Each structure stands twice: as C-alpha cells, then as structure tokens.
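In full-length UniProt numbering, the protein residues as written are 1 to 351. The C-beta atom is built at its ideal place from N, Cα and C for all residues, glycine as well. Predicted model only: the values in this text are computed from it and were never measured. Below you'll find the structure, written out as structure tokens, and then a few comments.
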C-alpha cells in the first residue's frame, strides 16, 4: 500500500538534494596525488581509484606552482568533510523517517557509477530504481512489490560527445575492475558485444540502454563517450528528453539523473503493451508503477501530466496507440482523474 512520508521527511529530502547539488567542495574520496621520477625529474599526477582500477592524470613537473595547487586541492578536501558528515546525517534521518533506501551492494554500484562520471555526462537512471527515487522525490513510500528489482537500468544517448576532462568514461572497464565481481553477460550471439553486467553469484546487474533510431534492430550500439555497448530500445528518447536530478538515499546521498516522473508513468503504460506474452507479470508491474505515480501527480503536480502528455502527442502513432491501450488498463478511478486533467478526449484518441 502506498503511504505518505511525513512533512519532516519531505523537508529532509529537499535539504539533502540541495546539499548534493551545491556541494561546496569535492570530497577527495578515491583521489590522491602521486609523485614520480621520470628521466631524473620529479612529476606529479592526480590518481583516481575506483575499485582496483587506477587512472592517473598528469599535473606537471615538480614546481612551486604545482605544489601550491596540490595543497589548495587538499585543503578543499578537508573543507568538504563537514558537508559530507552533514549529508550522512540527513541520509540516516531519512532512513529513520521511512524513506526508500538502497541496500549495501546497490549503494556500492550507484556510488561507482556516480564517481565514474556516468551521470555528469548525461547518463539517466530508468527502470524500478528510478521509480523508487520518485517516491522520496514526491514524498511517498510505494508498495514494495512495485519497487523490488535486481536490475540497474542505465540509459545513455549515443550522441554524447563530451566526457569528463574530454576523456571517455570507460564504463565497461570501471565495472569489470571494480572489485565487486562484475562479469559480462554474454549475448545469445557470442559474436555480439555484451550490454549487461552482472555481479558473479548474485542477481544484481547493470543494463546499458540507448534510444533506438531508425529501423528496428537488436544490434548493440557503441557508446563512444562510455566505451561500452548499449541495447537499443524503442521510444527511450521520450524518457531521456526531460531528465532531472534526484538523490538516492545511501552513503552521503548519491546524485543521479532520472526521467521526469510524468513521462516515466506514461512510458510505463507504453512499455506494458510492448512486452511479449511471456512477460505478463512485468507488464502488470509496469501498470502498477504508472498507476501509483499518476495518483500522486494528479493530486500534487497535474501540470506535469499535461506537459508529459503534450510531449507524448508528438511521438509516433504506434507510441500513442500503445499509450492509450495501456491507459485502458488503469483503474476507473485513475482514468477519471486523468480525464479531468488532460485535454478532452485525450484517452480516447480525440486530442
């Protein structure tokens, strides 16, 4: 059963999101400065450690200017410690207040994705983890049956050109060398690159997705900015066009990107109609997630529904037909609420 979070929990979430968005200084977690002797001269590197993977970025020769820059950066890391402690307290208070939290393994995966820079360059969290994030964002706790998942669905646009420091994210490498036990899940065609990574001995996995462009194809798409491959998914662009920040309740708060909640709800109705007959259980879960979101949005943010519907009306005919069929699976109460918000005849194909 869906429950409302307390007003204090809603305020705590807003504070945590604000602090994550406006962090005064980098934490320095996983960062260190390394000095090397090269051809008789001293040089400095900034080293980033993610699991067992270490990458080094050249800073310059051992000059007073470089040493001063290093000391300033270390001072920033020290200044960040009180901010991190404050965010960790907010996370603990939110957990006590009934907010949806991440399990330990899930938190480590999302922390890895955040630190690797996936969300900085436009990666968008989709699927049930995004749905869980909406609960905290909107001040409700969802029915646990609709949030249960072992899949981390990460969507990225193939046209992203700019990565951190103009270098690719190297997502595949980061996962495989993270010390978490990730392995590539082979595709049915062993010659096809994998788009799924799973923790060995567990069900927890990361799926890389990207909008399908042009003719229907199951061929994995290379994401140059992430140095990995993604599964093309039709109509995923509708979700990614209007992404926004959210914070996951774990560690000191993990900042991610999620689709606009209203778009997610309408997209889930479409998805429920696109699943094969063998996946009817997942289709029913799609509808339940959409219904719970629509109830909250109809009450608190009806304008979001109008904007998302207007964007849906610009999608291809097939999308719009499947959206209306999916909406027909909603309860009569939810359909009545939508009819009072959306343009006249929208659910009947007359908009």
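Check: Is it buried or exposed for residue 195, if we count other Cβ within 10 angstroms and need 16 for buried?; Outcome: buried
Check: Residue range of the beta strand (DSSP E) that residue 230 falls in?; Outcome: 228–233
Check: Could you please give the first and the last residue of the uninterrupted alpha helix (DSSP H) stretch that includes residue 254?; Outcome: Not the alpha helix (DSSP H): residue 254 falls in the beta strand (DSSP E), residues 254–259.
Check: So who's on the other strand from residue 61, going by DSSP bridges?; Outcome: 43
Check: Alpha carbon to alpha carbon, how far is residue 33 from residue 105? Give it in angstroms, no decimals.; Outcome: 28 Å
Check: Touch check for the region 264–275 and the region 291–311: three-plus C-beta pairs under 8 Å?; Outcome: yes
Check: Could you spell out where the alpha helix (DSSP H) holding residue 129 opens and where it closes?; Outcome: 128–138
Check: Taking 8 Å as the limit between beta carbons, can you name the residues of its chain near residue 154, skipping five residues before and five after?; Outcome: 113, 118, 123, 124, 125, 126, 206, 207, 208, 209
Check: Need the endpoints of the beta strand (DSSP E) that residue 199 sits in, please.; Outcome: 196–199
Check: Return the Cβ separation of residue 293 and residue 45 in integer angstroms, given the expectation that the two are a contact with Cβ distance under 8 Å.; Outcome: In fact, because the Cβ distance is near 47 Å, the residues do not count as touching under 8 Å.
Check: Rounding to the nearest angstrom, what Cα-Cα distance links residue 283 and residue 70 in this structure?; Outcome: 53 Å
Check: When the Cα of residue 9 is compared with those of 60, 141, 108, 235, which residue comes out closest?; Outcome: 141
Check: Scan the region 265–306 and note each continuous alpha helix (DSSP H) run of 4 residues or more that stays entirely inside, going in chain order.; Outcome: 280–300
Check: For residue 171 versus residue 116, is the C-beta distance shorter than 8 Å?; Outcome: yes
Check: Take the Cβ of residue 254 as the centre, count every other Cβ of all protein chains shown within 10 Å, and call the residue buried at 16 or more, exposed below.; Outcome: buried
Check: Taking the alpha helix (DSSP H) that residue 206 belongs to, which residues open and close that run?; Outcome: Careful: residue 206 lies outside any alpha helix (DSSP H), inside the beta strand (DSSP E) at 205–211.
Check: Taking one C-beta from the region 237–244 and one from the region 170–187 each time, how about it: are there three or more such pairs within less than 8 Å?; Outcome: no
Check: Tell me the DSSP secondary structure of residue 109 in three-state form.; Outcome: helix
Check: Excluding the 5 residues flanking residue 217 on each side, which residues of the same chain have their C-beta closer than 8 Å to its C-beta?; Outcome: 232
Check: If you run the structure through DSSP and keep just helix, strand and coil, what is residue 184?; Outcome: strand
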